[in-house]
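See structure below.
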Amino acid sequence: MKKHFTLIELLVVIAIIAILAGMLLPALNQARERSRKISCVNEFKQIGLAMNMYNNDSRGYIPAWNGSLDDGTIPKESGDTSTGKFWIHRLGRYVGNLTLWVCPASPERGVAVAALKDTSDYNNQVARIINYQCIGINAKTGGKAFYNRALHSSRIKSPSIMIYAGDGVGKNTAYYTPANTNDGCYTSMFTYPDDNQGPAWNPRHNNSCNMLCADGHVKNVSRAELKTMLLGYGSTPTPRAKNFYYDQKD
Ligand SMILES: [Zn+2]
Numbered sequence: 003m004k005k006h007f008t009l010i011e012l013l014v015v016i017a018i019i020a021i022l023a024g025m026l027l028p029a030l031n032q033a034r035e036r037s038r039k040i041s042c043v044n045e046f047k048q049i050g051l052a053m054n055m056y057n058n059d060s061r062g063y064i065p066a067w068n069g070s071l072d073d074g075t076i077p078k079e080s081g082d083t084s085t086g087k088f089w090i091h092r093l094g095r096y097v098g099n100l101t102l103w104v105c106p107a108s109p110e111r112g113v114a115v116a117a118l119k120d121t122s123d124y125n126n127q128v129a130r131i132i133n134y135q136c137i138g139i140n141a142k143t144g145g146k147a148f149y150n151r152a153l154h155s156s157r158i159k160s161p162s163i164m165i166y167a168g169d170g171v172g173k174n175t176a177y178y179t180p181a182n183t184n185d186g187c188y189t190s191m192f193t194y195p196d197d198n199q200g201p202a203w204n205p206r207h208n209n210s211c212n213m214l215c216a217d218g219h220v221k222n223v224s225r226a227e228l229k230t231m232l233l234g235y236g237s238t239p240t241p242r243a244k245n246f247y248y249d250q251k252d
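The numbering of the sequence shown is our numbering, which starts it at 3 and goes up by one.
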């Protein structure tokens, strides 16, 4: 006689598969997030190398968010054919790959990467970086100065703790709780040197954030650490948050 599965047996098998899948999925998600975090660290390392090369070629300066070498204090480097003045373009020509500025965990990675491939539109490239949880520069190492002026590395008192760039929130509020209410992780400064407008650092890698220091090393900072680091961050902070201002000693 031909044996068939009963409905109960079938349901039991389905239930067992569901339980196993339920156990496996979180582990898979965690593994995926770990790999994104590591890829992100590698992107920061390459940006750090570009920062060092730029530093060597530009008599010790590191690029600011915007403006940089055209501010009259330093001549434009020879061979610089970039029309953009933004830090991503200043550094991007050393690595030849602007997609390094898109965090692997960005929810809009595809849109940002597509925009960065259009080299005819510098402003759109920058806008995508600003909007979609990419890698942001700390545009506030010395009040508003670093927003549009290159910083000479000799002026940085503690390069190993000063944050040059980090995982940023992006301006698109669909992906974050706006400034001042986002659990203390407020700052980034893709665009604005003004505390009330800037987006924030984003601890999106399992509640941690990757950051590139001025000496080129990359570190992973937990949400709790980030909150502590940000104490004293502001237009006239007292004391100034030492990780974000060039004139602070460790
Ligand atoms: Zn990241």
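We put the CB at the ideal spot given by N, CA and C, even for glycine.
Bear in mind that the values here come from a model prediction, so they are computed numbers and not experimental data.
Item	Value
Length of the line joining the Cα atoms of L228 and L22	36 Å
Enclosing beta strand (DSSP E) for M213 [first to last residue]	210-215
beta-carbon A52 near ligand 1 non-hydrogen atom, thresh 7 Å	no
Cutoff 6 Å; reference S160; Cβ partners in own chain excluding five residues on either side	K251, D252
For Y124 and R92, believed in contact at Cβ under 8 Å, the rounded distance	Incorrect: roughly 12 Å between the Cβ atoms, too far for contact.
Three-way DSSP call (helix, strand, coil) for I18 in this model	helix
Per-residue burial, V104 [other beta carbons within 10 Å of its own, 16 or more giving buried]	buried
Buried or exposed by the 16-neighbour rule on C-beta atoms within 10 Å, applied to Q127	buried
One or two residues paired with K221 in a DSSP bridge	M213
Check: N212 C-beta below 7 Å from any heavy atom of ligand 1	yes
A33 in three-state terms, based on DSSP	helix
Integer Cβ distance of C136 from A117, believed to fall under 8 Å	Wrong, their Cβ atoms sit about 10 Å apart, outside the cutoff.
Proximity to A167 [Cα-Cα], best of R157, R130, A129, D217	D217
S60 versus L26 - alpha carbon distance	51 Å
Short CB-CB distance (under 8 Å) between P65 and chain C	In summary, chain C is missing from the structure at hand, where a single protein chain is found.
Sheet register partners of D169 (DSSP bridge)	I137
Closest residue to R225 among R206, C215, L214, H219 (Cα-Cα distance)	R206
Which of helix, strand or coil DSSP assigns to L153	strand
C-alpha distance - N245 paired with G138, whole-angstrom precision	15 Å
H219 CB to nearest heavy atom of ligand 1 below 7 Å	no
Distance cut-off 7 Å: A114 Cβ against heavy atoms of ligand 1	no
8 Å CB neighbourhood of V97 in its chain, flanking five on each side removed	Q48, I49, L51, A52
Classification of L214 by the beta-carbon crowding that lies within 10 angstroms, buried from 16 upward	buried
Close Cβ partners of P239 (< 7 Å) along its chain, the five nearest in sequence each way excluded	The pLDDT assigned to P239 is 49, lower than 50, so where the model puts this residue is not dependable; a value taken from the coordinates is nonetheless given after this. Counting only Cβ-Cβ distances below 7 Å, and skipping sequence neighbours, we find nothing.
Rounded distance between the beta-carbons of W89 and P65, thought under 8 Å	4 Å
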